[in-house]
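Residue numbers (the UniProt record's numbering): 1 to 68.
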Amino acid sequence: MYGQFLWERTSFFMGCSEATVEWKVDNKIEPGEYRIRHFGNSKYIFGGIYPYEGTSKTFQVLPRSSNR
């Protein structure tokens, strides 16, 4: 199991960016309902650092089928 945080500047002039969080599951993860949460800080273009957080919608991790 591993996760990664991908960040991309989408507009230098507007100070905008987008982030994607990915989580790869393996056989050790219990089937069930999960969410991904991320906490970080953003830097305002005119100064100041501000906390932010994001939470995904819930998603299902399903049991692996026995024929894989």
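Positions of the beta carbon are idealized from the N, C-alpha and C atoms, including for glycine.
Quantities reported herein were computed from a predicted structural model and do not represent experimental measurements.
Query	Result
Inter-residue spacing [alpha-carbon to alpha-carbon] between W23 and R35	10 Å
Per DSSP, the bridge partner or partners of S17	R9
For F39 and E18, believed in contact at Cβ under 8 Å, the rounded distance	Actually they are not in contact, since the Cβ atoms of E18 and F39 sit about 17 Å apart, beyond 8 Å.
Extent of the continuous beta strand (DSSP E) run through E33	G32 to Y34
Of the residues S42, S65 and G47, the one placed nearest R9, counting alpha carbons only	S42
Proximal residues to K57 (C-beta, below 6 Å), its chain only, five neighbours per side dropped	none
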